[in-house]
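Engineer: 445 is the number that the working numbering gives the last residue of the sequence shown; the numbers go up by one with no jumps.
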Amino acid sequence: MPYISLEIGKLTEEQKSALIKAYTDATVEIAKVPPEAVIMFINEHQLENIGVGGISIAEKRRNEKK
Numbered sequence: 380m381p382y383i384s385l386e387i388g389k390l391t392e393e394q395k396s397a398l399i400k401a402y403t404d405a406t407v408e409i410a411k412v413p414p415e416a417v418i419m420f421i422n423e424h425q426l427e428n429i430g431v432g433g434i435s436i437a438e439k440r441r442n443e444k445k
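Structure follows, in structure tokens:
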């Protein structure tokens, strides 16, 4: 039973649905398992809790708007 875990920033309900479908479809095609066997967890994080290059993504985006 494939288990997929995705760590990502905040998403809309539509984005989550699209990701779940895309990951499931790819897993079904590649791993040759039925869709009901695919389990996916989406772990959302606030952008101020994700750091890249020494600063949070929230701070990076604020700086880019200046």
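A virtual CB, placed ideally from N, CA and C, is assigned to each residue, including glycine. This structure is a prediction, so every number in the text was calculated from the model and none was measured.
Roughly how many angstroms separate the alpha carbons of Val-417 and Ile-434, rounded to a whole number?
Structural biologist: Going by the C-alpha atoms only, they are around 35 Å apart.
Engineer: Taking 9 Å as the cut-off, decide whether the C-beta atoms of Lys-451 and Ile-421 are in contact.
Structural biologist: The displayed coordinates of the chain run from 380 to 445. Any statement about residue 451 would go beyond what the structure contains.
Engineer: Could you pull out every residue in the same chain whose Cβ sits closer than 8 Å to the Cβ of Glu-423, ignoring the five residues on either side in sequence?
Structural biologist: Result list for Glu-423: Ile-387, Gly-388, Lys-389 and Leu-390, in chain order.
Engineer: Over the uninterrupted beta strand (DSSP E) stretch that includes Glu-415, give me the two end residues.
Structural biologist: Premise fails: Glu-415 is in no beta strand (DSSP E) and is neither H nor E.
Engineer: Would Ile-429 and Tyr-402 be called neighbours here (beta carbons separated by less than 9 Å)?
Structural biologist: In this structure, Tyr-402 does not lie closer than 9 Å to Ile-429 by Cβ.
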